[in-house]
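If you read the sequence shown in my numbering, its first letter stands for residue 1367, the second for the next number, and so on. Note that beta-carbon positions come from the ideal geometry of N, C-alpha and C, so glycine has one too. Since this is a predicted model, take the numbers as computed values, not measurements. Report on the following structure.
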Amino acid sequence: MGRKLDIVVPGPVALVSDLFVTARPRQWLKNAVVLAPLVFGRRLLEPDALLDGLLAAAAFCAAGSAVYFFNDWRDAAADREHPLKRQRPIAAGRLEAWQVWGAIAVLACVALWLAWLAGGGAVYVVAGYGALMVLYTMYVKHVALLDVFTIAGGFVLRVWAGATAVDVPLSPWLYLCTVLLALFLAVAKRRHEVLLLEGVAGNHRRALDEYPVPLLDALLQVSATATIMAYSLYTFSAANLPPGHRMMLTVPFVLYGVFRYLYLVYRKDLGGMPEQVLLNDRALLAVILAWGVFVLVLLYGQDLLQVGAILLH
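The structure is reproduced here in structure tokens:
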């Protein structure tokens, strides 16, 4: 009599864990940029505007997770050739097709519903973001240079959604800083991928063969310099800023943040996952938090003092 084989069926806990991992909750950090128009448009202390901004950010969290499910499903074969991505649940074969597409459908519906609740046309921006990311996954990610610009476009759509949700005009300075910072992070990520995969980068993604490391180093330097210059010009040229060019006090934080990230890219060989770098590097996290506190104090300090005085009386 033959030996009976034991079939291991993943339990509900394992399934939920795999779905959660594929949704990439760490990536939700990047959706904080949705709140930039709320903060810099000086509407942060308005409860209705704050709620709409948070709904728009949540919509992008759901939309982004839906895109990750689709990306992992389409790239499963290529991910199995990657030393890190091969452990992803879809590439490892732990999620079935109906589970993947069910998650995509649910997340997409939740994203559109939240964006509709945010109002101001945010639902159309979120839908456009989803379409752009599907195009990116299917085609654009394999085209050198166009791939990183599409990533930057995704961040611009995040800012646009935040602006339309809270009824704040999209500032040209915020647009420019968003594009340049997104390009900086995207180029750093491409550099990490090329070095990690060495001579077989093209097997994982065709566009990586078109990125020699010296070119990526040059693009990284250009985007870093442009980001610093754009933010510096913003601090004393943009409208709706505190008097006396006080916003320039935040420039050193941005300088250190960019320099620290470059140090981590070149010295520690990081940059492949910006959200992980942010969470793991205490110095970078500290300077970002300090920058945020300074920005809030400069933009809202007077308003908070008035609120405090009213409460005291």
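Assign residue i to one of three DSSP states: helix, strand, or coil.
| i | result |
| --- | --- |
| residue 1412 | coil |
| residue 1577 | coil |
| residue 1606 | coil |
| residue 1430 | helix |
| residue 1375 | Residue placement at residue 1375 is flagged as unreliable, the pLDDT there being 49, under the threshold of 50; the coordinate-derived value follows with that caveat. Correct three-state label for residue 1375: coil. |
| residue 1459 | coil |
| residue 1450 | coil |
| residue 1636 | coil |
| residue 1612 | helix |
| residue 1392 | helix |
Where residue i and residue j are concerned, what is the direct C-alpha to C-alpha distance, given to the nearest angstrom?
| i | j | result |
| --- | --- | --- |
| residue 1424 | residue 1455 | 24 Å |
| residue 1403 | residue 1521 | 13 Å |
| residue 1559 | residue 1572 | 12 Å |
| residue 1490 | residue 1605 | 28 Å |
| residue 1478 | residue 1493 | 7 Å |
| residue 1594 | residue 1586 | 12 Å |
| residue 1562 | residue 1449 | 9 Å |
| residue 1420 | residue 1507 | 29 Å |
| residue 1440 | residue 1399 | 27 Å |
| residue 1471 | residue 1630 | 38 Å |
| residue 1533 | residue 1410 | 12 Å |
| residue 1553 | residue 1537 | 24 Å |
| residue 1488 | residue 1555 | 29 Å |
| residue 1481 | residue 1668 | 32 Å |
| residue 1427 | residue 1627 | 24 Å |
| residue 1373 | residue 1621 | Summary for residue 1373: the model assigns pLDDT 45, below 50, so the residue's position carries little reliability; its value from the coordinates is reported in the next sentence. Each residue's Cα considered, the two are about 56 Å apart. |
| residue 1382 | residue 1390 | 13 Å |
| residue 1379 | residue 1388 | 14 Å |
| residue 1598 | residue 1579 | 29 Å |
| residue 1401 | residue 1658 | 12 Å |
| residue 1459 | residue 1665 | 50 Å |
| residue 1432 | residue 1619 | 34 Å |
| residue 1545 | residue 1377 | 43 Å |
| residue 1513 | residue 1602 | 32 Å |
| residue 1397 | residue 1523 | 11 Å |
| residue 1436 | residue 1467 | 8 Å |
| residue 1647 | residue 1656 | 14 Å |
| residue 1526 | residue 1384 | 32 Å |
| residue 1446 | residue 1584 | 30 Å |
Assuming residue i is part of the alpha helix (DSSP H), what are its boundary residues?
| i | result |
| --- | --- |
| residue 1467 | 1463-1484 |
| residue 1626 | 1617-1633 |
| residue 1642 | 1640-1646 |
| residue 1499 | 1488-1504 |
| residue 1445 | 1442-1445 |
| residue 1509 | Taken as a continuous stretch (DSSP letters only), residue 1509 belongs to no alpha helix (DSSP H), as it is neither H nor E. |
| residue 1404 | 1402-1406 |
Does the beta-carbon of residue i, which I'm using as the reference point, lie nearer than 7 Å to any heavy atom of the ligand SAH?
| i | result |
| --- | --- |
| residue 1600 | Among the components of this structure there are no ligands whatsoever, and the ligand SAH is therefore not found. |
- [ ] Return the chain-ordered ranges of every alpha helix (DSSP H) run that is complete within the segment 1520-1563 and spans a minimum of 4 residues.
- [x] Listed in chain order, they are 1538-1563.
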